[in-house]
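**Student:** Handing you a structure now.
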Amino acid sequence: MTTTFGPITSAPKISAIAIMALALQLTVPAHAELQGDEAAIALADEMVTAMGGHEIWASAHWMYAEERSFSGRQKLGLDYKGWRDFRTPQGKYQVASPEISYKQSWTTKGGWRVLDGEYQEFDAERLGAEVNFWPREIYTMYHRFAAGDETLRLIHIEGRKFVVEDAQTAAPLGSFTVSLEGGPVIWSSGDTDEDVTYVYGPLKAFGPIKMPAWGGQTSGGWRFNYVDAKLFHEAPPVELFTSSRPTK
4 MTTTFGPITS
14 APKISAIAIM
24 ALALQLTVPA
34 HAELQGDEAA
44 IALADEMVTA
54 MGGHEIWASA
64 HWMYAEERSF
74 SGRQKLGLDY
84 KGWRDFRTPQ
94 GKYQVASPEI
104 SYKQSWTTKG
114 GWRVLDGEYQ
124 EFDAERLGAE
134 VNFWPREIYT
144 MYHRFAAGDE
154 TLRLIHIEGR
164 KFVVEDAQTA
174 APLGSFTVSL
184 EGGPVIWSSG
194 DTDEDVTYVY
204 GPLKAFGPIK
214 MPAWGGQTSG
224 GWRFNYVDAK
234 LFHEAPPVEL
244 FTSSRPTK
């Protein structure tokens with residue numbers, strides 16, 4: 004997980020038109036191909052193959068993951084559950100422990116969070132932060148690599164590291180270092196103060212896919228072990244990523 008508890012105040016506002024344009028931009032056409040140099044594209048292909056293959060990741064519509072997590076802000080471990088859509092900017096997650104209870108859900112229409120029973124709707128800045136992060140979030144990137152998203156340009160840096168940028172604007176979208184096993188060993192979402200960098204352990208099988216057994220933010224803010232991970236190929240239930248106030 005990469006989002007922290009509480010409001011995000013540094014993200015720019017994003018308009019409804021911009022949100023819809025982003026969703027349309029990330030609709031990958033048939034027979035698309037990644038842009039960039041051969042060495043970088045080969046590393047991305049190797050990673051996707053090691054994690055279950057291009058077909059299963061490219062055809063996936065959304066993902067569910069469970070973690071046993073540890074935050075720098077809490078003494079006790081956390082049970083994390085997360086849902087994320089690969090085709091449309093929307094997501095949901097919840098964490099729980101004897102110390103804290105937190106839930107949040109958002110779509111392009113809005114979002115909310117509940118921290119220890121206190122409900123709060125997302126303002127424009129918070130929604131903008133979630134929407135702007137979605138296309139470069141690591142799980143979204145796995146899907147985009149597998150689908151051959153031609154709006155991405157991959158550039159080899161050195162060894163087994165490559166960076167990702169927007170093929171049209173050259174905007175930075177993060178970087179990956181791939182282990183000899185084929186999985187991600189280092190991932191960064193970018194190079195600003197708001198971005199995150201994680202290191203990952205060896206791959207572990209979860210049914211037909213593989214994920215790193217564990218990961219940790221280099222800042223120490225978040226550490227986790229995967230408990231479960233599943234890909235779904237049909238559209239998610241409409242109520243899964245609801246932007247309305249929860250009833251419970």
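Quick note: to get my numbering, add 3 to the position in the sequence shown (first position is 1). Glycine residues also receive a C-beta, built at the ideal position from the N, C-alpha and C atoms.
#1: With DSSP as the reference, please indicate the residues paired to residue 309 in a beta bridge.
#2: In the DSSP assignment, find the unbroken beta strand (DSSP E) run with residue 102 in it and report its ends.
#3: Look at the alpha carbon of residue 146 and the alpha carbon of residue 212, and state the distance between them as a whole number of angstroms.
#4: Cα-Cα, which of 70, 155, 63 is closest to residue 225?
#5: Quick one: give me the first and last residue of the alpha helix (DSSP H) that residue 146 is part of.
#6: Three-state secondary structure (DSSP) at residue 131?
#7: Count the C-beta pairs between the region 71-86 and the region 44-63 that are closer than 8 angstroms, then say yes if the count reaches three, no if not.
#8: Which same chain residues end up closer than 8 angstroms to residue 227 when comparing Cβ atoms and leaving out the 5 residues on each side of it in sequence?
#9: Residue 187 to residue 76, Cα distance in whole Å?
#10: Roughly how many angstroms separate the alpha carbons of residue 45 and residue 203, rounded to a whole number?
#11: With 16 as the cutoff for other CB atoms within 10 Å, does residue 237 come out buried or exposed?
#12: With which residues is residue 187 paired in a DSSP beta bridge?
#13: Apart from the five residues just before and just after residue 117, which ones in its own chain have a Cβ nearer than 6 angstroms to its Cβ?
#14: Using DSSP's beta-bridge definition, name the partner residues of residue 199.
#15: Looking only at DSSP bridge pairs, what is residue 74 linked to?
#16: Check whether the region 57-66 and the region 142-158 touch, using three or more Cβ-Cβ pairs below 8 angstroms as the test.
#17: With a threshold of 16 other CB atoms inside 10 Å of the CB of residue 114, please say whether the residue is buried or exposed.
#18: Residue 115 bridges to which residues according to DSSP?
#19: Quick one: Cα of residue 134 to Cα of residue 193, how far?
#20: When we look at the beta-carbon of residue 138 and count the other beta-carbons within 10 Å, is it buried (16 or more) or exposed?
#21: Do residue 87 and residue 122 have their beta-carbon atoms positioned less than 8 angstroms apart in this structure?
#22: Excluding the five sequence neighbours on either side, which residues of its own chain have a C-beta within less than 6 angstroms of the C-beta of residue 100, listed in chain order?
#23: Kindly indicate the opening and closing residues of the alpha helix (DSSP H) around residue 2.
#24: So, using beta-carbon positions, are residue 37 and residue 157 closer together than 8 angstroms?
#25: Please list the terminal residues of the continuous beta strand (DSSP E) segment that includes residue 137.
#26: Excluding five sequence neighbours on each side, which residues of the same chain lie with their C-beta closer than 6 angstroms to the C-beta of residue 223?
**Tutor:** Looking at the coordinates:
#1: The first residue shown for the chain is 4 and the last is 251, placing residue 309 beyond what the model contains.
#2: Here the question's residue 102 lines up with position 99 in the sequence shown. No beta strand (DSSP E) holds residue 102; DSSP gives it neither H nor E.
#3: Within the sequence shown, residue 146 is the residue found at index 143, counting from 1. Within the sequence shown, residue 212 is the residue found at index 209, counting from 1. Each residue's Cα considered, the two are about 12 angstroms apart.
#4: Numbered from its first residue, the sequence shown carries residue 225 at position 222. Of the listed residues, the one whose Cα sits closest to residue 225 is 70.
#5: Translated into the one-based positions of the sequence shown, residue 146 becomes position 143. Counting along the chain, the unbroken alpha helix (DSSP H) around residue 146 starts and ends at 141-150.
#6: Position 128 of the sequence shown, counting from 1, holds the residue named residue 131. Residue 131 sits in a helix when the DSSP states are folded into three classes.
#7: Touching, no, given that fewer than three Cβ pairs across the two stretches are closer than 8 angstroms.
#8: As a working note, residue 227 is residue 224 in the sequence shown. Counting only residues of its own chain and dropping the five nearest sequence neighbours on each side, residue 227 has a CB closer than 8 angstroms to the CB of 4, 70, 71, 72, 73, 83, 217, 218, 219.
#9: In the sequence shown, the residue the question calls residue 187 occupies position 184. In the sequence shown, the residue the question calls residue 76 occupies position 73. So the two alpha carbons sit approximately 26 angstroms from each other.
#10: Working through the sequence shown from its first residue, we reach residue 45 at position 42. Working through the sequence shown from its first residue, we reach residue 203 at position 200. Computed Cα separation, rounded: 20 angstroms.
#11: If you number the sequence shown from 1, residue 237 lands on position 234. Here residue 237 is exposed: its Cβ has fewer than 16 other Cβ atoms, across all protein chains shown, within 10 Å.
#12: Mapped onto the sequence shown, residue 187 falls at position 184. Under the DSSP definition of a beta bridge, residue 187 partners with 181.
#13: As a working note, residue 117 is residue 114 in the sequence shown. Result list for residue 117: 106, in chain order.
#14: Against the sequence shown, residue 199 aligns to sequence position 196. According to DSSP, residue 199 bridges with nothing at all.
#15: The sequence position of residue 74 within the sequence shown is 71, counting from 1. Note: residue 74 sits in a beta bridge opposite 225.
#16: Flag = yes, the region 57-66 and the region 142-158 touch.
#17: Locating residue 114 in the sequence shown gives position 111, where the first residue counts as 1. Residue 114 is buried by the Cβ-count criterion.
#18: By one-based count along the sequence shown, residue 115 stands at place 112. Bridge partners of residue 115 according to DSSP: 108, 124.
#19: As a working mapping, residue 134 is identified with position 131 in the sequence shown. As a working mapping, residue 193 is identified with position 190 in the sequence shown. Distance between the alpha carbons of residue 134 and residue 193 is about 15 angstroms.
#20: What you label residue 138 is simply residue 135 of the sequence shown in a count that begins at 1. Under this definition residue 138 is a buried residue.
#21: Taking the sequence shown and counting its residues from 1, the one referred to as residue 122 is at position 119. Taking the sequence shown and counting its residues from 1, the one referred to as residue 87 is at position 84. Cβ distance not < 8 angstroms, so residue 122 and residue 87 don't count as in contact.
#22: Sequence index remark: in the sequence shown, residue 100 carries index 97 (1-based). Listed in chain order, the non-local C-beta contacts of residue 100 below 6 angstroms within the same chain comprise 79, 81, local neighbours out to five positions each way being set aside.
#23: For the chain, the structure presents residues 4 to 251; residue 2 sits outside this window and is missing.
#24: Here residue 37 refers to the residue found at position 34 of the sequence shown. Here residue 157 refers to the residue found at position 154 of the sequence shown. For residue 37 and residue 157, yes; Cβs fall inside 8 angstroms.
#25: By one-based count along the sequence shown, residue 137 stands at place 134. Element bounds for residue 137: n/a, residue is neither H nor E.
#26: Along the sequence shown, one-based indexing puts residue 223 at 220. Counting only Cβ-Cβ distances below 6 angstroms, and skipping sequence neighbours, we find 75.
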